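All letters in the sequence shown, in the order written, are residues 170 to 529 by my numbering.
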Amino acid sequence: MNQSELLEARKHIIRISRDLHEIGLLVRTWGNISSRVDDKHFLITPSGIKYEDLTPEMISIVDMDDLSYEGDYQPSSEYKVHAVAYKVRKDCNFIVHTHQVFASCAGTMGIRKVFSYFEDEDLTIPVARYALPGTKKLADSVAHTLRKFKDSNGIIMENHGTLCLGRNSNEAVFEAEMMESACNDFLIDVCKMDMTHGVEVGFSSHLEGDKIVYDTKDTPERVKRIHEMIYGKRPDAKYIIHNKSEAVMMVSRRANHMRPLLDDFAQLIGTSVKIPNNEGEVYNNIKKNVNVVFVPNDGAYCIGSTEDDAEAVAIVLDKGCIAYMAVMRNGEGHYLSYFECLKMNRHYRKSYSKLADIKE
Ligand SMILES: [Zn+2]
170 MNQSELLEAR KHIIRISRDL HEIGLLVRTW GNISSRVDDK HFLITPSGIK YEDLTPEMIS
230 IVDMDDLSYE GDYQPSSEYK VHAVAYKVRK DCNFIVHTHQ VFASCAGTMG IRKVFSYFED
290 EDLTIPVARY ALPGTKKLAD SVAHTLRKFK DSNGIIMENH GTLCLGRNSN EAVFEAEMME
350 SACNDFLIDV CKMDMTHGVE VGFSSHLEGD KIVYDTKDTP ERVKRIHEMI YGKRPDAKYI
410 IHNKSEAVMM VSRRANHMRP LLDDFAQLIG TSVKIPNNEG EVYNNIKKNV NVVFVPNDGA
470 YCIGSTEDDA EAVAIVLDKG CIAYMAVMRN GEGHYLSYFE CLKMNRHYRK SYSKLADIKE
């Protein structure tokens with residue numbers, strides 16, 4: 170590829186990322202996209218930048234063999250996974266990695282294959298065994314699964330997301346859409362759950378100086394007390410988004426304790442979340458480094474030091490609650506170990522505070 174072809178390829182990655190963002194398969198900074206340059210190099214989206222903000226110079230070029238990269242922007246932390254996928258699948262020229270809701274949730278049940286269908290055709294989606302994000306072990310697990318299931322253009326990365334391959338971007342995007350539809354049907358058929366997803370905002374607030382400003386004028390006194398308790402006990406909290414989505418409400422009614430089933434839950438929310446039995450216990454459940462506070466039959470209050478953080482927590486919580494309900498109804502699941510969660514949670518907070526330092 171010459172320079173103008175490379176620029177075109179970078180622009181194409183950005184266009185596809187915006188398309189996937191629009192249909193909801195890519196959200197915020199999560200997931201990544203790459204395209205093959207030749208049999209030694211690929212282009213990939215950077216780490217930690219929102220899809221809306223991408224520009225061509227942010228898309229770095231990575232060497233498949235020594236994993237070195239050119240450019241000022243650090244490639245997405247999952248570049249090792251892309252490198253092995255291009256090596257195993259010589260026919261593949263475009264890869265989309267998403268944290269899409271239904272496929273990610275189907276990948277928490279501890280199964281090695283998801284059997285479903287798409288437009289009356291049977292579909293089998295392999296699930297690559299879990300390993301911590303960014304590790305060689307994860308790349309090995311993905312390579313193993315791609316070798317074993319040579320005809321699969323889409324696989325699930327257990328407790329994490331998907332990897333969708335194609336000879337071109339159209340095929341990779343189609344694979345991601347097909348997997349989401351098939352995994353939604355799987356959850357409906359196997360777990361008997363037909364869930365909407367997203368954030369359903371109840372009573373949110375933020376701090377202006379020491380003053381709590383509520384988004385809704387007629388916020389009930391009962392709810393105001395919860396906000397006051399959270400700001401009182403969590404000095405880092407500046408924004409609270411009250412999420413009353415279908416899945417979060419269901420968990421707030423039925424569950425006692427959530428352990429992470431997805432990497433992003435462990436990173437952004439915490440290693441363990443209790444759901445109190447009555448409102449009197451809410452205060453004791455406001456914990457340092459746990460960014461949600463459940464209230465029985467009232468959803469959850471999602472905490473952030475910025476509005477952006479609180480929103481990320483709210484989105485990840487909704488997906489985590491769908492996974493939780495799916496695993497409950499399935500009767501079994503693959504939970505992340507406490508040590509894995511702790512490691513990811515610490516790493517995320519550390520790299521996040523570094524990022525915040527740079528911003529200021
Ligand atoms: Zn990922």
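Cβ coordinates follow ideal geometry from the N, Cα and C atoms, glycine included.
Only a predicted model underlies this, so the values are computations on that prediction, with no experimental measurement involved.
Are the CB atoms of I410 and A479 nearer to each other than 7 Å?
-> yes
Rounded C-beta distance between G473 and I438? I'm assuming under 8 Å.
-> At roughly 11 Å, the Cβ-Cβ gap does not stay under 8 Å, so G473 and I438 are not in contact.
Can you tell me which of the three DSSP states L175 falls into?
-> helix
Which class does N201 belong to by DSSP, given the choice of helix, strand or coil?
-> strand
Helix, strand or coil at I183 according to DSSP, with G and I counted as helix = helix
Could you tell me whether any non-hydrogen atom of ligand 1 is closer than 6 Å to the CB of G489?
-> no
Would DSSP call Y408 helix, strand or coil?
-> strand
How long is the line joining the alpha carbons of I527 and L223, rounded to whole angstroms?
-> Interpretation of I527 is limited by its pLDDT of 49, a score under 50 that renders its predicted location unreliable; the figure taken from the coordinates is listed afterwards. The straight-line gap separating the alpha-carbon atoms of I527 and L223 is approximately 19 Å.
So A351 packs on L292, CB below 8 Å; how close in whole Å?
-> Indeed they touch by this definition, with Cβ atoms about 5 Å apart.
Count the other C-beta atoms from every protein chain shown that fall within 10 angstroms of the C-beta of N425, then say buried if there are 16 or more, exposed otherwise.
-> By the neighbour-count rule (16 or more Cβ atoms within 10 Å), N425 is not buried but exposed.
Cutoff 7 Å; reference R184; Cβ partners in own chain excluding five residues on either side | Counting only residues of its own chain and dropping the five nearest sequence neighbours on each side, R184 has no CB closer than 7 Å to any other CB.
Using DSSP bridges, identify the partner residues of V370.
-> N412
Are at least three pairs of beta-carbons, each pair with one atom in the region 481-497 and one in the region 505-514, less than 8 Å apart?
-> no
Any idea if P302 is buried or exposed, counting beta-carbon neighbours within 10 angstroms, 16 or more meaning buried?
-> buried
Can you have a look at P404 and say buried or exposed, based on whether 16 or more other CB atoms are within 10 angstroms of its CB?
-> exposed
Tell me whether the beta-carbon of I202 lies closer than 7 Å to the beta-carbon of V265.
-> It is a contact, given that the beta carbons lie within the stated cut-off.
Cβ atoms of I399 and I491: under 7 Å apart, would you say?
-> no
Under a CB-based cut-off of 7 Å, is G303 close to chain B?
-> The structure shown contains no chain B; it holds only a single protein chain.
Hey, would you say V231 sits closer than 7 Å to I218, going by beta carbons?
-> no
Alpha-carbon to alpha-carbon, A300 and N262 | 25 Å
What is the DSSP secondary structure of M418, reduced to helix, strand or coil?
-> helix
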